[in-house]
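For the sequence shown, my numbering gives the first residue as 10, with consecutive numbering after it. The C-beta atom is built at its ideal place from N, Cα and C for all residues, glycine as well. Only a predicted model underlies this, so the values are computations on that prediction, with no experimental measurement involved. Below is one structure, written out as structure tokens, with a few remarks after it.
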Amino acid sequence: MKPPRHPWLLTTIATVITAAFLLPVYWMVKTSLTPPDRILAPAPQWVPTPVTGENYSTALGYGGLTRALLNSLVISSSVVALTLLLGVPLAYALARVRMQGSGTMVLALLVAQLPPAIVLAAPLFILERRAGLADTYLGLIAADTTLTLPFTVIVLRPVMRSVSPELEEAALVDGCGLPGVLLHIVLPLIVPGVVATAGLSFLIGWGEFLFGLTLAQGPDVQPVTVLLNSFVGQHGTSWGALMATATLISIPVVCVFAIFQRFIVGGLTAGSVRG
Numbered sequence: 010m011k012p013p014r015h016p017w018l019l020t021t022i023a024t025v026i027t028a029a030f031l032l033p034v035y036w037m038v039k040t041s042l043t044p045p046d047r048i049l050a051p052a053p054q055w056v057p058t059p060v061t062g063e064n065y066s067t068a069l070g071y072g073g074l075t076r077a078l079l080n081s082l083v084i085s086s087s088v089v090a091l092t093l094l095l096g097v098p099l100a101y102a103l104a105r106v107r108m109q110g111s112g113t114m115v116l117a118l119l120v121a122q123l124p125p126a127i128v129l130a131a132p133l134f135i136l137e138r139r140a141g142l143a144d145t146y147l148g149l150i151a152a153d154t155t156l157t158l159p160f161t162v163i164v165l166r167p168v169m170r171s172v173s174p175e176l177e178e179a180a181l182v183d184g185c186g187l188p189g190v191l192l193h194i195v196l197p198l199i200v201p202g203v204v205a206t207a208g209l210s211f212l213i214g215w216g217e218f219l220f221g222l223t224l225a226q227g228p229d230v231q232p233v234t235v236l237l238n239s240f241v242g243q244h245g246t247s248w249g250a251l252m253a254t255a256t257l258i259s260i261p262v263v264c265v266f267a268i269f270q271r272f273i274v275g276g277l278t279a280g281s282v283r284g
């Protein structure tokens, strides 16, 4: 493949697109460091002067922030665990086991991703209320898993199909059952795909707002995304504290993707050749 004739042009285009996507993030961080009385100044400042930590002090002084962060961590981690526990065997079954209706199942998983969360919120609220799961960690974890499980299966299925069937057949001949083949043969070969789906599932669970607002009525189990709504009042919005809290919420997500970036990029493209 010949190198591009003008690599600087591609670099410039990529830089402009990246800057456009990062502009809201920069403005969020900038606002969190701006003195509260200058945030709504008529002339916007691209660089906060002077830089202040007052907004972070206000956010950290809010009584429910620590509890909300802990709730989000518990919910997101549990969503990842439940998604992988259910998604990995299901993806393997759809990829390797010959069974009637497997194509229909894949189509159903694709369709399950189409409805927005607001469409699912009311039915889930009724079901969980009747099951006694409303206002509980388990109810929020189950609701968030309805968003992450179809995505995980759809991503992992082609990744598993890219694994050589001869390896699995050799293990079966040696007396290893299907669960053993999945655990000892397939999983070690698809670690990037598993890490990619785990990271994106964590992101979905961490950033979910609608289920946290509708399925949890009290602050005991509500995630930190719902806490952001408390900075929006009837008589105004506390923009400084809101942006400071949003910046603090973004830090764990940035850390997860910075650590597992190689696995996430490799995992999402691992099954693109064979599927």
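Where L219 and A52 are concerned, what is the direct C-alpha to C-alpha distance, given to the nearest angstrom?
-> Their backbone Cα atoms lie some 34 Å apart in a straight line.
Three-state secondary structure assigned by DSSP to V172 = coil
To the nearest angstrom, how far is it from the Cα of V265 to the Cα of L165?
-> 20 Å
CA-to-CA distance, P174 to T154, given in whole angstroms | 30 Å
Beta carbon of S111, beta carbon of F160: below 9 Å?
-> no
In chain order, which continuous runs of the alpha helix (DSSP H) of length 4 or greater are located wholly inside the stretch 46–86?
-> Runs of the alpha helix (DSSP H) inside the stretch 46–86: 63–69.
Is the Cβ-Cβ distance between I84 and P232 less than 9 Å?
-> yes
When the Cβ atoms of the stretch 248–255 are set against those of the stretch 62–82, are three or more pairs found closer than 8 Å?
-> yes
Beta-bridge partners of V241, as assigned by DSSP = T246
Excluding five sequence neighbours on each side, which residues of the same chain lie with their C-beta closer than 6 Å to the C-beta of G148?
-> E137, L142, L224
Specify the secondary structure class of R138 as computed by DSSP and reduced to three states.
-> helix
Report, in whole angstroms, the separation of the C-beta atoms of L133 and A152, which I expect to be a contact under 8 Å.
-> 5 Å
Would you kindly report the start and end of the unbroken alpha helix (DSSP H) that includes V203?
-> 200–216
Given a cut-off of 9 Å, decide if P261 and L82 are closer than it, judged by their beta-carbon atoms.
-> yes
Taking C-alpha atoms, which residue in F30, A68, P59 lies nearest to L237?
-> A68
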